[in-house]
Amino acid sequence: MGGSPMTRPVPLLLTLLLLALPLSLLAGQVWIAPFAPPVKNAIPILMELRLPRAVLALVLGAGLGACGAAMQGYLRNPLADPGLFGIAPMAALGAVLSFYTGYAVQPFALPLFALTGAALGMLLLALIAGRAASVVLFTLAGMMLASLSGALTSLAISLSPNPFALSEIVTWLMGALENRGWDEVWIALPPTLLGLLLLARAGRALDALTLGEAAARSLGVDPVRLQWLMVMACGLIVGSGVAVAGIIGFVGLMVPHMVRPFTSQRPSALLVPSALTGALLLLLADCLCRVLPLTGGELRLGIALSLMGAPFFLRLLLRMRSTLA
Amino acid sequence: MTLATENLAVPGRLHGVSLSLRAGEVTAILGPNGAGKSTLLSALAGLLPGPVSLDGNLLGQLPASVRAQTIGYLPQSGEVAWNLSVESLAALGRLPHRTAPAQDAQAIDAALAALDLDDLRHRPVAELSGGERARALLARVLAGTPRWILADEPLASLDLAHQQALLHRFRALAQRGQGIVLVLHDLAQAMNHADRVIVLDRGFVVADGLPDDVLDPVLIEQVWGLQAQWLGEPGHRALAC
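So the sequences go chain by chain: A and B. Following this note's numbering, the residues of the first sequence are numbered contiguously, the last one being 331. Following this note's numbering, the residues of the second sequence are numbered contiguously, the last one being 330.
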């Protein structure tokens, strides 16, 4: 089960992360070169702006990457991503409602609304899918939830009380790490870590699911327990991610595909490399957003990742098409 | 050691099935399409609600890990969602056992050797032929070293030589005390290689006993609607229709 060094990407990814982290701290509108004359306010820029932003990128990227790998394993589908359960759109709806109602100006109200939306999403999923623990039923319930929350979000936007709220909602929905600080790190870190721990506990069951639901059950997998582990883990990771950074798409879809050729392909073997690759991808994408010279502000992280993700997705589809032909 | 059920019913599929299977025997479950063979096998594996007991203990009351270590189940679907190597696929059979890697490796090696898969151990599943894939899936079950092996049409996509090799392998496992339960379509294979035959028809057990006693032309005509006759010597029978 161990495999050759080619199937062990973790040391390489850790090295790349160690190289990327300083780069992310130094890069930005103000370049802080370590051996050049000191930049004014370098310490506050590093400690209060760039370090929390980099840590947040690592936390969210790791969560989304691992969550994507687990979702693909759970649904046995390479096109699955963490958004499929409908929890991300529900969290986004919660956040949008905080803008709509004006509570977003209060401290911590926005993440609280978003986390409430995510929790409500998990609860609704449980109520709709029931105890059958059927993957198909569960996916359909998630899609229904995503569709409903998407529609309600659009409704909130169209009935937006003032142009300021409208602009805040639209900008926020694009997803970004701009102006995020240590508060956001402390909001996202504990749920994400807990979610990652839950995913680790689901690893063996996800491996067994490779053989289909019946064979997995014969190998001792409890489908109801697995479903709850997945909902809780993805709910915590995606919900807290949306609460602090808005919707960041494509990471959960892309990362497992990048990693899979370098592993034994067992879903559990994908979790750690996907977490590390997700962290690296988000860190580098956020660096890119900071240094790209755009008039009118930074490139939004959500947009950057979607721009990178769409061609990746297309390549994946073309490859699948050639396999099917 | 027994695997038994009393008055097992699955609405629309099985009606009042009672049987007691003994370890050390090869049991063949036969019947036309839709007779309930796969349903019975799933129920015996503990995957459907029903009064199935293992050595007198109800399967539903056993810890899932104990059930999984004791009963190896090979479904008909043959699904493998990811492009694992043959070795990684066989290793999935070790999931219920939380044993040392060396012990796992030994069981996996033995399973691969038993199914003539040594040379293919690093080959991805997507690059296997149908027969190789079927053997790799069975290697997953063997790697779990279960006391009972419940296999749904394990010979379906194998060539003749591998069918014979596998039937002899099942015989050897039974002689070592394992319980082997196979869903088969080929009546001659059941006649020549099973110790016991259970015939299902529309969800009912219509015959249960020694192959020679059960598989007579009258029953074959009654269940399969075929006029057939056995040719050859015991142990090497062929069915002429």
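Quick reminder that beta carbons are idealized off the backbone N, C-alpha and C, glycines included.
Quick check: is the beta carbon of residue 160/B nearer than 8 Å to any beta carbon in chain A?
True, the Cβ-Cβ gap to chain A drops below 8 Å.
Kindly list the residues whose CB is nearer than 7 Å to the CB of residue 95/B, restricted to its own chain and excluding five residues on each side of it in sequence; keep chain order.
107, 140.
My guess is that residue 197/A and residue 258/A are in contact by the Cβ rule of under 8 Å, so how many angstroms apart are they, rounded?
The Cβ separation is near 16 Å, so there is no contact.
Within the chosen definition, does the region 278-290 of chain A reach the region 216-235 of chain A through at least 3 CB pairs nearer than 8 Å?
The region 278-290 of chain A, when compared against the region 216-235 of chain A, does not touch it at the 8 Å Cβ threshold.
Does chain B have any CB closer than 8 Å to the CB of residue 221/A?
Chain B, which has a Cβ nearer than 8 Å to the Cβ of residue 221/A, makes this yes.
From the DSSP output, which residues share a beta bridge with residue 283/B?
In the DSSP output, where bridge partners are listed per residue, residue 283/B has none listed.
For the region 172-189 of chain B, enumerate the residues whose C-beta is nearer than 9 Å to any C-beta of chain A, in chain order.
From the region 172-189 of chain B, only 172, 173, 174, 176, 177, 178, 180, 181, 182, 183, 184, 185 have a Cβ closer than 9 Å to chain A.
In the structure shown, what three-state DSSP assignment does residue 219/A receive?
Three-state result, residue 219/A: helix.
Going by the beta-carbon positions, is the gap between residue 117/A and residue 249/A smaller than 8 Å?
For residue 117/A and residue 249/A, yes; Cβs fall inside 8 Å.
May I ask you to report which of helix, strand or coil DSSP gives residue 153/A?
It is helical.
Can you check whether the C-beta of residue 156/B is within less than 8 Å of a C-beta belonging to chain A?
For residue 156/B, the answer is yes, since a Cβ of chain A falls inside 8 Å of its Cβ.
Considering only residues of the same chain and omitting the five flanking positions on each side of residue 160/B, which have a CB-CB separation below 7 Å?
So the list reads 134, 135, 235, 237, 239, once near-sequence residues are dropped.
Report the residue from 281/B, 290/B, 243/B whose alpha carbon sits nearest the alpha carbon of residue 270/B.
Of the listed residues, the one whose Cα sits closest to residue 270/B is 243/B.
Does residue 103/B pass the burial test, meaning 16 or more other C-beta atoms within 10 Å, or should it be called exposed?
Buried, because 16 or more other Cβ atoms sit within 10 Å of the Cβ of residue 103/B.
Report the partner residues of residue 297/B according to the DSSP bridge assignment.
Note: residue 297/B sits in a beta bridge opposite 287/B.
Could you name the residues of the region 135-146 of chain B whose beta carbon sits closer than 7 Å to any beta carbon of chain A, in the order they occur along the chain?
Listed by position, the residues of the region 135-146 of chain B near chain A (Cβ gap below 7 Å) are 136.
Can you tell me the Cα-Cα spacing of residue 270/A and residue 171/B, whole angstroms?
Going from the Cα of residue 270/A to the Cα of residue 171/B covers about 9 Å.
Determine, using beta carbons only, whether residue 59/A comes closer than 8 Å to chain B.
No, no contact with chain B.
Residue 106/A and residue 162/A look like a contact to me (Cβ under 8 Å); what is the Cβ gap, rounded to whole Å?
5 Å between Cβ atoms; contact.
Rounded to the nearest angstrom, how far is the Cβ of residue 294/A from that of residue 310/A, given a contact under 8 Å?
So it is a contact: roughly 6 Å between Cβ atoms.
Spatial neighbours of residue 200/A within its chain, please: C-beta separation below 6 Å, excluding the five flanking residues on both sides.
For residue 200/A, where only same-chain residues beyond five positions count, the Cβ hits under 6 Å are 242.
If we call anything under 8 Å between Cβ atoms a contact, is residue 306/A one with residue 180/A?
Yes. Within cutoff.
Can you list, in chain order, the residues of its chain with a C-beta nearer than 7 Å to that of residue 277/B? Leave out the 5 residues immediately preceding and following it.
Once the five neighbours on either side are set aside, the close Cβ partners of residue 277/B are 326, 327, 328.
Whose CA, out of 178/A, 232/A, 195/A, lies closest to the CA of residue 97/A?
Here the closest residue by C-alpha is 178/A.
Measuring CB to CB, does residue 304/B end up less than 8 Å from residue 230/B?
Not a contact, by the Cβ cut-off of 8 Å.
According to DSSP, is residue 336/A helix, strand or coil?
The first residue shown for chain A is 7 and the last is 331, placing residue 336/A beyond what the model contains.
Residue 153/B touches chain A at which residues, Cβ-Cβ below 7 Å?
Going along chain A in sequence order, the residues near residue 153/B (Cβ under 7 Å) are 226, 228.
Under the assumption that residue 128/A contacts residue 93/A (Cβ atoms under 8 Å), give the Cβ distance between them as a whole number of angstroms.
The Cβ separation is near 6 Å, so the contact holds.
Is it right to say residue 77/A is buried, meaning 16 or more other beta carbons lie within 10 angstroms of its own, or is it exposed?
With 16 or more Cβ atoms within 10 Å of its Cβ, residue 77/A is classed as buried.
Quick one: what's got a C-beta closer than 8 Å to residue 297/B's C-beta in the same chain, skipping five residues either side?
Excluding residues within five positions, the ones whose Cβ falls inside 8 Å are 108, 285, 286, 287, 288, 303.
Distance cutoff 8 Å, beta carbons only. Does residue 332/B sit that close to anything in chain A?
Since the displayed chain B opens at 90 and closes at 330, residue 332/B lies outside it and no answer follows.
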